[in-house]
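Taken in order, the sequence shown gives residues 1 to 325; the numbers are from the UniProt record's numbering.
Here is the structure we will look at.
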Amino acid sequence: MRAVTISGPGPSGKLSVSSLNPPIAGQRDVVITVAAAGVNRADLLQRAGYYPPPAGAPDWPGLEISGTVRRVGPGVSRWRAGDRVTALLEGGGYAEEVVVRESQVLPVPDGVDLVDAAALPEAACTVWNNVVDVGRLQPGEWVLVHGGSGGIGTIAIQIARALGAHVATTAGGPERTARCAALGADLVIDHREQDFVDEVRRATDGRGADVVLDLLGGGALGDNVRALARGGRLVVIGMQQGRRGELDLSDLLARRGTVTGTLLRSRPADEKARIVADTEQHVWPLVADGRVRPVVHARIPFAEAQSAHELLESGEAFGKVLLVP
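Spelled out as structure tokens, the structure:
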């Protein structure tokens, strides 16, 4: 099979198409013929040598795919050859075929194109786990989503809105802020022109956000805490502004706030299975009835995978970038 592999790992790492042996299904595994693979910032970090795959995962990148079941292991009962599915992976999605535990496979939601479905698994699982499970978002509360124009942000806006929350988000420039508003955000903050702490406090009559979903990391730590309401929950899932930040603990204590950091890729198999099951139970109905839809910026061939990474790095994409074999 063809796969997009990393040649020369490190900051100057490049992607190229290689020929590899096809995967073999274990007892509880599913082999899927890939229709598309989602491109995530974790893939960029892996290519640059900063985010190695977990033990046992393929060396090539790709954390989510959509496609058609090709074959299943002898212990698999739910899936059959020909089923249209999506899957959450530890790696290896940039390939014509993948093998994945049956517990990390989901059906393509009703009404969703098979290719576009690749934009859902990573973002939907990340948002449900971090905003609802960890962040405990409730109807009527305010959530601040950083990076509303990204692959995770576009899904987070829609899920939070569907759950009855008020949504504030950040984006850069009038076109992107308008598109975030069209997805359902109540407040869209142009981070190039506006201070998100001031804007959130103004919109909430001084209370602040009950939940903050943060992809920025260290550079935004202090401001994120200042944006919290009393009893607010800051959930950090990325480090786009660095690994280290400075925090005035008096701000956190005064708000009786919590700061939690999470990763999805390295979770144990049983935790991933629970997150995938919860996502199918709670998010997939929202997708099927049209309240949540994948937002796809571009479909790019495997042979141009390096360009796909450069597009994501540029910050120009709105929603997901997908690779297609």
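Using N, Cα and C, we set each Cβ at its ideal position, and we do this for glycine too.
Distance from THR86 to LEU106 at the Cβ level is roughly 5 Å; contact confirmed, criterion being Cβ atoms closer than 8 Å. In the structure shown, SER307 adopts helical secondary structure according to DSSP, grouped into three states. Using a C-beta cut-off of 8 Å, the segment 246 to 259 makes no contact with the segment 96 to 105, since fewer than three inter-stretch Cβ pairs fall below that distance. Secondary structure at TRP60: coil, using DSSP grouped into helix, strand and coil. Straight across, the Cα-Cα distance linking LYS14 with ASN21 is about 21 Å. Remark: three or more beta-carbon pairs, one from each stretch, lie closer than 8 Å, so the segment 288 to 302 and the segment 148 to 166 are flagged as touching.
Exposed is the label assigned to LEU249, since fewer than 16 other Cβ atoms lie within 10 Å of its Cβ. Residue burial annotation: SER19 is exposed, with fewer than 16 other C-beta atoms found within 10 angstroms of its C-beta. A straight line joining the alpha-carbon of VAL212 with that of ILE65 spans about 28 Å. At the C-beta level, ALA181 and GLY148 stay beyond 7 Å of one another. A distance below 7 Å between beta-carbons, with the five flanking residues on each side excluded, links GLN194 to no residue of its chain.
Pairwise C-beta distances place the segment 116 to 133 in contact with the segment 272 to 289, as three or more of them are shorter than 8 Å.
In this structure, DSSP gives TRP142 an extended state, which the three-state scheme calls strand.
Contact between GLU90 and PRO139 is ruled out by a C-beta separation of about 34 Å, above the 8 Å threshold. Using a Cβ-Cβ distance cut-off of 8 Å, the segment 201 to 208 and the segment 223 to 242 are in contact, since at least three pairs of beta carbons, one from each stretch, lie closer than that value.
When the beta-carbon positions are compared, GLY75 and ALA35 stay at least 7 Å from each other. Apart from the 5 residues on each side of it in sequence, GLY56 sits with its Cβ closer than 8 Å to the Cβ of GLU90 in its chain, given in chain order.
Taking 8 Å as the upper bound for CB-CB distance, GLY73 and GLN27 are in contact here, some 5 Å apart.
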